[in-house]
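Numbering (my numbering), first residue to last: 306 to 404.
Everything on this sheet refers to the single structure shown next.
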């Protein structure tokens with residue numbers, strides 16, 4: 306790929322600056338039966354580890370945490386991870402890690 310391609314792209318630390326609390330309030334929720342559908346389709350048994358890449362404030366990570374031994378939320382935006390940790394504490398989710 307030529308110069309200026311995806312290899313030259315760098316994360317902009319200001320891209321989502323200040324957006325985490327608004328993201329939580331403004332994002333449409335996932336379907337109510339999401340966790341149950343994934344549990345039955347994938348035969349989840351409360352073991353294993355979930356990696357949520359691009360987790361933002363942990364919307365999916367926290368919703369599925371009870372289906373795994375450990376859930377790991379990965380996001381390039383530090384503020385999103387701080388909000389995810391705050392929400393995990395509020396929800397008493399102890400098996401989540403934020404990277």
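Even for Gly, the Cβ is constructed at its ideal location relative to N, Cα and C.
In the structure shown, the three-state DSSP call for residue 388 is helix.
Residue 368 has no beta-bridge partner at all, per DSSP.
If you look at residue 356, you'll find it in the beta strand (DSSP E) that goes 354-358. Annotation for residue 381: 316 place their beta carbon closer than 7 angstroms to its own, counting only its chain and skipping 5 residues before and after. Here residue 388 is near residue 362, since their CB atoms are less than 7 angstroms apart.
With 16 or more other CB atoms across the displayed protein chains lying within 10 angstroms of its CB, residue 376 is buried. With contacts defined as CB atoms closer than 7 angstroms, residue 357 and residue 378 qualify as a contacting pair.
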